[in-house]
Amino acid sequence: MTKYFEMNVKSLLTNPYLIFWSILFIEFWILMWVFVFGNEIPPLEEAVRLYMASAYGNLLILSLSGACVTIGGSILYSSKSIRYVTKYTRLSPSRFLFENLVSSLVVLLIVCAVMLLSVIALFYSKFALFIVPVNPIGLAGSLLLSTLFIYALSLFLNLLIVTLKAPKSANFISFLPLIFGFVSYSALWIDFKAAVYVSPFNCITSICYFAASGEIPPAGNFFAPPNSQTLVDVNLALISLIAWTVVLIVVDVLLLRKMRGVGVEEIRTT
Amino acid sequence: MIASRGLHVSYRWRQEPVLKGVNGTFEGKHLILGPNGSGKTTFFRAICGLTNITSGEIVVDGENVENLYATIGVMSTNFHEVYGLLAANVYDLIVLYTDLVKGDPSLALEIIRDMGIEPDFLRKRKLNELSAGQQKIVCTALALAMKAKHVLLDEPFEQLDPAKKSRMIKHLTGYQGVILVNTHETWLLKNLQEWTVFFMFEGVLYGPLSVKELLRAEISLKDEPKALLKVKVSDKTVSILEGHGAGTLLTSLENLDKIYELAEDRA
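Here the protein sequences come in this chain order: F and U. In case it helps, our numbering puts the first sequence at residues 1 to 270. In case it helps, our numbering puts the second sequence at residues 1001 to 1267.
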């Protein structure tokens, strides 16, 4: 690894947008889930476990979407530099992708861990029940895959802006993950049915819910009676998420070689 | 060696090209003189592979620049936008970029200190928080510290005071490698007598001429048959002639933007 790896980790972890949108803003919603919406949840371990898995799975999407916007922005604003360093330094396009990916995953996994610890601690303080994920290894794997997808998506969207020379669309396109995240969050009240498998965001919620609670997740309408919910095929959700991730990473590698970079002034003035 | 062959560059489809068939070979120390907006910076961007080439090619040591990836020690530049990989302080950026080419950060810091900026100051500032002159110093120092065989310096004297300009010239003349400096200032010719000069006007490259020839050269707004070089400026032919005391000395112009004023005055 070059110094780029550790400096990118440090740069992302001290990014005020990431700290606010992916950690502080989500902490607020965890508090809401626990102390406001959670008032109707009976203090029974099974009920709290399912509710906690719903909270974690759904809020995780908002947190990762926010991080996706931040990481994407850092790539967009440094696209000229990326072009230069991949041509004239040790960071070849594939090595840059690797170091950027690993450093971003480290940061995203730290965000996921902070959220998980907060959820466990706050649920304990409300219900006096110490609930940990049923399948911690499965959850770790799900989080790794989720963060990999989020990284690939943010890179794809921002390289698309650069390659298409569309800085005018930068604001809209770079915020798409957040929009997708909120659409996915609406599954709390809407049954997405088979559309779950098309939406990688809903697949993330489903596999994390499954690993955290050990129960088959619903395709939406989380607070409806269980017999009226459509259940997700977790394996299919996993395959869908892997497929999305692989396709995006392949496209990212191609775009990274093709893009010339876009100047910061072009983004700011259009 | 850098060779440009029939280089055309347009920023937008159906827009008039910024570079209109640039041909040239560069293997020593060269100045590219031209007024603002003549295409000098675009030419450097094309050489670095930072902009789309519409037609033609740039070849660096026999290799098309489009095919160069992860080639350490081949090219460096002082474009500030290439030093924005991370939102880190300037000191850390220097450490990062020199690490990426296995270079020595102390060389960059030595140049920067010589230009009147203390390294401690750089630990407290990001690149975009520096003044334009300080940015230019840092980026030029980084370009030189990367010890590349080819160094492209875009207006390295811009925003510098006269004392710093002359110190910067010392760093450039002492550099071992191919250097291309683009500028619209002609005052520096007398300090770079061993260099050769190309001119760029309206997207076309003219030359080369030696600096020694140019120091005596005069400008004529006629198509002179004995001209050392003829350039097209606003559809007029401007001749650069060996000096005989009758015309305007090229070095008497503070910068090449004045050629347009001169052409308008005599029209």
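Where a beta carbon is used, it is the ideal one built from N, C-alpha and C, also for glycine. The structure displayed is predicted, hence computed values, not measured ones.
Query	Result
Short CB-CB distance (under 8 Å) between SER118 of chain F and chain U	no
Length at least 4, wholly inside the stretch 198–255 of chain F: the alpha helix (DSSP H) runs in chain order	200–213
Beta-bridge partners of VAL1200 of chain U, as assigned by DSSP	The displayed chain sequence assigns Met, not Val, to residue 1200 of chain U. DSSP output for MET1200 of chain U lists U:LEU1205 as bridge partner(s).
Beta-carbon gap between LEU1250 of chain U and GLU1218 of chain U smaller than 8 Å	yes
Bridge-paired residues (DSSP) for HIS1150 of chain U	U:MET1075 and U:VAL1178
Alpha-carbon spacing of PRO177 of chain F relative to ARG1014 of chain U, whole angstroms	34 Å
Buried/exposed call for ASP1161 of chain U, threshold 16 Cβ in 10 Å	exposed
Nearest-angstrom beta carbon gap, VAL48 of chain F and LEU122 of chain F [assumed within contact, 8 Å]	Rounded, the Cβ-Cβ distance is 12 Å, inconsistent with contact.
Spatial neighbours of THR2 of chain F in its chain, beta-carbon cut-off 7 Å, leaving aside the 5 residues before and after	ARG90, LEU91 and GLU99
Separation of VAL102 of chain F from PHE5 of chain F, as counted between CA atoms	8 Å
Sufficient close CB pairs (3 or more, under 8 Å) joining the stretch 1192–1210 of chain U to the stretch 1044–1055 of chain U	no
Meets three-Cβ-pair contact criterion under 8 Å: the stretch 211–228 of chain F and the stretch 131–142 of chain F	yes
CB contact check: CYS1139 of chain U to chain F, cutoff 8 Å	no
Proximity test, Cβ basis, 8 Å: ALA1227 of chain U and chain F	no
Ordered list of alpha helix (DSSP H) runs contained in the stretch 113–175 of chain F, each at least 4 residues	136–163 and 170–174
Beta-carbon neighbours of SER184 of chain F, restricted to chain U and to distances below 9 Å	Those within 9 Å of SER184 of chain F in chain U number zero; the least Cβ separation is about 29 Å.
Chain U contact for SER103 of chain F (CB, 8 Å cutoff)	no
Near the ligand ADP: MET259 of chain F beta-carbon under 7 Å from a heavy atom	With respect to the ligand ADP, the structure shown offers nothing to examine, as it has no ligands at all.
Residues that ILE1002 of chain U bridges to, as DSSP identifies them	U:PHE1026 and U:VAL1060
Opening and closing residue of the beta strand (DSSP E) in which GLU1218 of chain U lies	1218–1220
Alpha carbon of THR147 of chain F to alpha carbon of VAL111 of chain F, nearest angstrom	10 Å
Cβ of ALA1108 of chain U within 8 Å of any chain F Cβ	no
Endpoints, alpha helix (DSSP H) assigned at ILE1112 of chain U	1105–1114
Residues of the stretch 74–88 of chain F with Cβ closer than 8 Å to any Cβ of chain U, in chain order	SER74, TYR77, SER78, LYS80, SER81, ILE82, ARG83, TYR84, VAL85, THR86, LYS87 and TYR88
Limits of the unbroken beta strand (DSSP E) element including LYS1236 of chain U	1236–1241
Simplified DSSP state of ASP191 of chain F, which is helix, strand or coil	strand
Min CB distance MET7 of chain F to chain U below 8 Å	yes
Distance CB(ILE1111 of chain U)-CB(LEU1153 of chain U) smaller than 8 Å	no
Extent of the continuous alpha helix (DSSP H) run through LYS1230 of chain U	From DSSP, LYS1230 of chain U is part of no alpha helix (DSSP H) but of the beta strand (DSSP E) over 1229–1233.
Any chain U beta carbon closer than 8 Å to LYS193 of chain F	no
With 16 other Cβ atoms within 10 Å as the buried cut-off, status of ARG257 of chain F	exposed
Own chain residues within Cβ distance below 6 Å of GLU1224 of chain U, not counting five before or after	SER1239 and LEU1241
ILE239 of chain F classed as buried or exposed, judged by whether at least 16 other C-beta atoms fall within 10 angstroms	exposed
Three or more C-beta pairs below 8 Å linking the stretch 1060–1070 of chain U and the stretch 1022–1032 of chain U	no
With 16 other Cβ atoms within 10 Å as the buried cut-off, status of GLN1134 of chain U	buried
Given 8 Å, three or more beta-carbon pairs between the stretch 27–37 of chain F and the stretch 75–89 of chain F	no
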